[in-house]
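Here the sequence shown stands for residues 3 to 1219, where the numbers follow the working numbering.
The beta carbon of each residue, even a glycine, is placed where N, CA and C say it ideally should be.
See structure below.
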Amino acid sequence: MGSLNTEQKKAIKSTILECRDILEKDIEQVLINYGIYINKDWINLRDLPNLTEEQENNRKNIEKAIEKLEKGGFKKDKAVMEYIKEVSYTYLNRLAALRVMEVRGLIDEILIPRGEYGNRSFISSRFYEVAREFCKYEIDAGLGYLLNIMFDEISEEIKILFNTEDEYSFVTPSSTSLLKVIELLCSNIDEESWKQDEIIGWIYQYFNDKEKDDVFDRLYNKKQKIKVEDIPAATQLFTPDWIVDWIVDNSLGSLWDEIKQGKRENKKVEEIKLLDPCCGSGHFLVKAFDLFYEMYVEEGIYTKEEIPYKILENNIYGIDIDLRAVQLTGLILFIKVKSSLKENGYDTNTKGKLSVNLVCADSILLNGNRLADLKEKHRNNKTILKMIEIIYEEFEDVRLKGSLIQPEKKLFPLFEEFKNRTVKKELSKAKRTKKKQTKGQENLFEEHILSFSEYKSQRDFTKEEKELMISLDAIYSEAIKANDISRQLFASEAKKSVKLVHIFMKQYDVVVTNPPYLFKKNMTEKLKRYVEENYKEWSADLYSVFIGRCCEFLDTNGKLGMITQQSFMFITSYEKVRNFILDNYYIEKLVHLGTRAFDEISGEKVNTVMFVIEKSYAENKKSHFIRLFDKKTSKDKMNTLLNDNERKKHEYIISQKKFSLIQGEPFVYWLSDEIYDIFEKNKEISHKYKVKSGMRIGANDKFLRFFWEVDQDKLGDSWKTYNKGGLFSRFFGPFEYVIDWSDDALEFYEANKSHRNKELYFKEGVTYTLLSSTGFSVRIIPPNTVFDANGPSIFCSEEDKYYLCGFLLSSMVSYLLKILNSTLAFTPTDVNKLPYVYPTEVVKNQVIRLAKVGYKLSKFKHQHLECSINFERLLEISINNSAEVKSLEDLLMIKKDIIKLMDDIENRIIIDIDKYVFDLYELSDKEREKICYQENKQIYDKYEHYNKLQIDYTRFESNNDIMQELLNLLKRKESGKQSNINNAGDLNFIEDIKDIISYVLGCLFGRYTTDNIDIVSDGILVVNNSVFAEDLITQIYESIEKLFSSFDSEQTIDFIEKNLGKTVEAYIINDFYEDHIKRYQKRPIYWHICSPKKTFNCFVYFHKLDNDTLYKVKSIYLKQMIDRYEEDLKYYTNQLIEARTKGDKSKEKDFKNKCSDLEAKLEDLYILDKKIMEILPYKPDIDKGVLYNIIPLEPILASPVSTSKERENYYKEVVKQ
């Protein structure tokens, strides 16, 4: 049987979502007819006189069902919505099941219409013939009745799905809605789709799509924690066929092969038990069914008629927290049985023959009278009373915990205690009758005292448990007879719980599953607390908790097959998980899938791995690892895995003992013996240098600023440079933050325990960024710097800091770090584990020399970046001061060449450092090449180019005029002595032009000092050359002319506006502020005040704000424009009147347009004037930073920069003050 293609899946998805919408709207209306609402008070039953007696009973039953959901954790409105959803899904499930069975010929056609039956189905036409009277008023009035008859008939075989007496069957959708849904299922989804086993899983997943999208939005975008009702939607995903096949074949299939080959204890097939503790829609169990069937046939003990029943009775077990999932699993297994019987010519009526080991872990044990009744009934039996206590304790919030609950850990000791008491009574009785005890009989007594694991493996149930089961069955029967829904719900739930206990009391030969994935931080508080208390070492993610739980389910020598995220293989927080697996399990096979193993999951977030491990000691066994990490699609991964020749190219066969050679025992299966030897033979770098973590302030918004927010005179005194990590940069920078070092701030840090390694503040050393998606970048710490937890640092001597910087930037170190932790985080713990080879004097001196040149160049680069704390001037100005350039275009071409040249030199330095570090580790050429291209492919792809750069590092060491040296090197290249690099490549200069304009504004505001540009004293620059004599645009033109005085000014402006694609004025008014906000990371310092339609525009400089700034904008600049336009309006109004008087239509039209234009502009200006009045008085406090000061002005700014949360916090603080 094939698989569904993309178009078929799309059809299924759209159809299922449409069916859901139809049913939910219909069910909501039915509930309204019963007086039950989602968002308003319910109508009291006594106020619904038109309900029949049957409808009144239905209303009561619905109330009880919704109350049950409330007790399960839903609020009342959500409980009603959940009930509507569950009823809708139950009916959709049933209709889909009928369609699957009729397409496969397992039942007479119930849904599909045929022309020969009057466009009804075969069964529907027969029903109409015998029930004409029932249907006489409405041709399909009896559809719901007919379907319930069919559900009842089928439920005699599979009640788990078709039970019309369950709590989701008190409501029946209208015939109209049922007809619509049936039509959609029959017409929109083709018959081939219905014949695929996997269609059931896709229906399950697509029905949950809305919930999944909503949960993910709240989880990842809104950063909210998950709720109880969210868990199924958030954590379940249909597993692709090929992954299921591989896991089942290599666990159950492998176990059976070992039995046949005599490699393990002989077992009959009916004795082999397989569990999926998160079975979802049963994909693993369906595959297991097929494989068990083959195993039974091969064994030859049972007939093909008996085998399907044997599989369900003895071999496969499943648990899920979602009733819908269990229904689907039961359905597909039921269909598998009937299909098998039909294919082999046997009677397909399974009535009374099926026994399914499936349970839904959504039980809600109701307390009060029901629990009291049960306790009263067994008040004289301490063992049963204790068992009742255990069940109620363990099954609390079972809908949340699912198969993670551990009732067996408390029940087994109870049973053991009972057995011991029983044996002691027998011995006592024997003594009283003076029967002589032999040594062998004493040993017999000893054999009754069993350990937990021994007892669990026996799989027997005690008399007490059977008594409890009988008692609960009796209560259930009584509830049905009494028709008391409350008691009935209790009894059915308690019965369900005992079935769960049965599953927990067994151990399994094979456990297979795709567990839910959920970070601990996103769990509900209850779930988080539970996993921390019961699975502490596994608790980093829900999937790892399930690895631990699955290990508990396994019998000795059992096999566990799972697909999970890869993080447990590498990350420090999973170290104990790895320790446990390596100490207690043999890793048979592991396929490292990486991202995009699931077509339904896009992007790079989910990195997966599937594996089979055996509960046995690995000894000298070899493990097989298959690396499909680099295959980009699910299809590519599948094809590689299933092709023997291709798979072998990606296979690594090693002993898992190798992992213990590396501290933390990461599963780095792909390493060569050379690399393992490096870890084994060398001490960690922490023996020489220690990576330290810095401050955790706890109030960043209050005490941290970007350096440009702080008065430059206060930097280094009350504000210190703060190392908070930052973007990728080698050797130097970026250091953008400063920290408040005032007495009040220091007092807060002490009280809040913000300090970490305080004694190392302001010391020399190297640092890197804790979290980075672009790689491990190390740089020298500047003087007078405090460091943060996000900027871990190593402190050392002056000379050592350069060696360490160069050494840590090597490809070798990058490679080793990814072995120690393959995530984006380079924790101090990981870096401290680096295997360190002490350098020879030659190697150390050469690396120091290269690092110093790299540092010098990188610092020079940052001195020409506006948002660097070391910024001095534009690179264009430094070039223009050192070279003869004819035009701005030529200047920018040289700039591009200079930037490329600096990047090339830095890359060449990395290549040269790599050579020395590789020599230090004595790596083979093969390993060197592999590491180079893996860690710095973008550099080594151009190795030949960089190798031709015959750079004289001595010239950079001795010459402090870096710009002149770069220009000289550029000239030598252009003259042909070396490869020509004067190729600007991208001839788009727009970003360079924006840099110039931004710099010019900084000069005009007095932020940067220049000899020939006039500074505005009040920090206000106004745009509008039709009103003001000296406006901003004019000042920009003049400043550019002065900065580049040797160029033709007209040609320069033309070049600027050509590259901008607009005039400078248009750019300043419409685009500059957005660019400025982005450049300054939402903490702008040149604020664009404007009217709504931008009739008025001015920029104010943050550091020149005072109490009078806003008054000046209003009373001087804005007033001046209003006065001018009011005068113009008065003048043109008079002209308009005069033109009308003279009958000059042409002039009348012209003056009328001018008046309208002026009126619109004035209206725009009046709005701004009013807004300013609403803000005044405005009293800025520069020490509180940009955000605090800009929020009250945002109503008059061109764009807001604050978030709603930041505004909320601001106004709270204002109110508090």
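Bridge partners of residue i, per DSSP?
| i | result |
| --- | --- |
| residue 686 | 837 |
| residue 559 | In the DSSP output, where bridge partners are listed per residue, residue 559 has none listed. |
| residue 1023 | 1101 |
| residue 710 | Paired residue(s): none; residue 710 is not in a bridge. |
| residue 721 | 717, 742 |
| residue 753 | Bridge partners of residue 753: none, in fact. |
| residue 512 | 276, 561 |
| residue 616 | 561, 588 |
| residue 353 | Looking at the DSSP assignment, residue 353 forms no beta bridge with any residue, so it has no partner. |
Label residue i either buried or exposed according to how many other C-beta atoms from any shown protein chain fall within 10 Å of its C-beta, with 16 as the threshold for buried.
| i | result |
| --- | --- |
| residue 287 | buried |
| residue 773 | exposed |
| residue 517 | buried |
| residue 1210 | exposed |
| residue 51 | exposed |
| residue 730 | exposed |
| residue 439 | Residue confidence for residue 439 is low, a pLDDT of 44 falling below 50, so the modelled location carries little weight and cannot support an answer. |
| residue 979 | With a pLDDT of 45 at residue 979, under the threshold of 50, the predicted position of this residue should be treated as unreliable, and no value is reported. |
| residue 826 | exposed |
| residue 1241 | There is no way to answer for residue 1241, as the model of the chain reaches only from 3 to 1219. |
| residue 1198 | buried |
| residue 364 | buried |
| residue 1151 | exposed |
| residue 974 | exposed |
Are residue i and residue j touching if we call contact CB-CB under 8 Å?
| i | j | result |
| --- | --- | --- |
| residue 868 | residue 1000 | yes |
| residue 244 | residue 14 | no |
| residue 254 | residue 319 | no |
| residue 948 | residue 906 | yes |
| residue 1023 | residue 1100 | yes |
| residue 1131 | residue 1167 | no |
| residue 814 | residue 670 | no |
| residue 202 | residue 330 | yes |
| residue 1169 | residue 1117 | no |
| residue 356 | residue 298 | no |
| residue 86 | residue 160 | no |
| residue 401 | residue 321 | no |
| residue 342 | residue 108 | no |
| residue 1106 | residue 1007 | yes |
| residue 809 | residue 767 | no |
| residue 1025 | residue 1033 | yes |
Can you tell me where the beta strand (DSSP E) holding residue i begins and where it ends?
| i | result |
| --- | --- |
| residue 1 | Here the chain has residues from 3 to 1219 only, and residue 1 is not among them. |
| residue 1201 | Where residue 1201 is concerned, there is no enclosing beta strand (DSSP E), given that its DSSP letter is neither H nor E. |
| residue 889 | Taken as a continuous stretch (DSSP letters only), residue 889 belongs to no beta strand (DSSP E), as it is neither H nor E. |
| residue 322 | 318-322 |
| residue 1092 | 1088-1092 |
So residue i is in the alpha helix (DSSP H); what residue range does that whole segment cover?
| i | result |
| --- | --- |
| residue 647 | 646-651 |
| residue 1032 | That residue, residue 1032, is in no alpha helix (DSSP H); it is neither H nor E in DSSP. |
| residue 807 | 800-810 |
| residue 847 | 843-864 |
Review point. How do the stretch 552-572 and the stretch 245-262 stand: do at least 3 beta-carbon pairs fall below 8 Å, yes or no?
Key: Cβ pair count under 8 Å is three or more, so yes.
Point to revise | Contact between the stretch 680-688 and the stretch 830-849 (3+ Cβ pairs under 8 Å) | key: Under the Cβ criterion (8 Å, minimum of three pairs), the stretch 680-688 counts as touching the stretch 830-849.
Exercise for review: Taking 8 Å as the threshold, find out whether the stretch 10-24 comes into contact with the stretch 69-86 through three or more Cβ pairs.
Suggested key: Segments in contact, no.
Review point. Are three or more beta carbon pairs between the stretch 875-894 and the stretch 1051-1064 nearer than 8 Å?
Key: Touching, yes.
Point to revise | the stretch 306-314 / the stretch 344-359 touching (three or more Cβ pairs under 8 Å) | key: Three or more Cβ pairs closer than 8 Å define a contact, and the stretch 306-314 meets that threshold against the stretch 344-359.
Exercise for review: Pair every Cβ in the stretch 547-561 with every Cβ in the stretch 608-623, then say whether three or more of these pairs are closer than 8 Å.
Suggested key: The stretch 547-561 is in contact with the stretch 608-623.
Review point. With contact counted as at least three CB pairs below 8 Å, one residue from each stretch, are the stretch 541-548 and the stretch 590-600 in contact?
Key: The stretch 541-548 is not in contact with the stretch 590-600.
Check your understanding: Are at least three pairs of beta-carbons, each pair with one atom in the stretch 721-739 and one in the stretch 772-791, less than 8 Å apart?
Key -> In short, these stretches touch, since the Cβ pair count reaches three.
Check your understanding: Hey, is the stretch 645-664 in contact with the stretch 753-772, meaning 3+ C-beta pairs nearer than 8 Å?
Key -> Counting Cβ pairs under 8 Å, fewer than three are found: no touch.
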